[in-house]
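S.K.: Counting with the working numbering, you get residues 7 to 97 for the letters of the sequence shown.
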Amino acid sequence: MTLYKYTKDTNNVSNCTGQCAVMWPPYTVADQSNLSNVKPDVKGSVGTITRADGTLQVTYNGMPLYFYNKDAKPGDTTGQGVGGVWFVVAP
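#1: Among all the DSSP beta bridges, which residues are the ones paired with Phe93?
#2: I'd like to check one pair, Val95 with Met69: are the Cβ atoms closer than 9 Å?
#3: Since Gln25 is in the alpha helix (DSSP H), which residue starts that stretch and which ends it?
#4: Enumerate in chain order the residues of its own chain whose CB-to-CB distance from Asn21 is below 8 Å, with the five nearest sequence positions on each side excluded.
#5: Can you tell which of Gly87, Met29, Ile55 and Leu9 has its C-alpha closest to the C-alpha of Lys76?
#6: Whose CA, out of Lys49, Pro32 and Gly53, lies closest to the CA of Leu41?
#7: Which residue's Cα is closest to the Cα of Gln25: Val64, Thr8 and Tyr74?
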């Protein structure tokens, strides 16, 4: 599924919580070892941050990553530009 960044986030800090995180589910992993599944053609730094609820959210160049709950299938980008603050992350 398509990954998005939120311009109200800051480096290594997610500001999407509560209802925001329902509409824009964070991309989470169980532990750091799950990052090895990231495609090798991704340019940039992939890491994680710990959210307030203790889950690990994946980051790209320090920006937390999210899915959009209205994207129905891989390749959908219906969240692009929503509210002027959500944008597709390019690898």
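Built from N, CA and C at the ideal position, the CB exists for glycine as well.
Nothing here was measured: the structure is a model prediction, and the numbers come from that model.
M.R.: Concretely, from the data shown:
#1: Position 87 of the sequence shown, counting from 1, holds the residue named residue 93. According to DSSP, Phe93 bridges with Lys11.
#2: In the sequence shown, residue 69 corresponds to position 63, counting from 1. In the sequence shown, residue 95 corresponds to position 89, counting from 1. Yes, they are a contact pair.
#3: In the sequence shown, residue 25 corresponds to position 19, counting from 1. From DSSP, the alpha helix (DSSP H) with Gln25 extends over Gln25 to Met29.
#4: Reading the sequence shown from its first residue, position 15 is the one you call residue 21. So the list reads Tyr12, Lys14 and Asp15, once near-sequence residues are dropped.
#5: Position 70 of the sequence shown, counting from 1, holds the residue named residue 76. Ranking the options by Cα distance to Lys76, first place goes to Met29.
#6: The residue you call residue 41 lines up with position 35 of the sequence shown. Here the closest residue by C-alpha is Gly53.
#7: Along the sequence shown, read from residue 1 onward, the residue named residue 25 stands at position 19. The candidate whose alpha carbon is nearest that of Gln25 is Tyr74.
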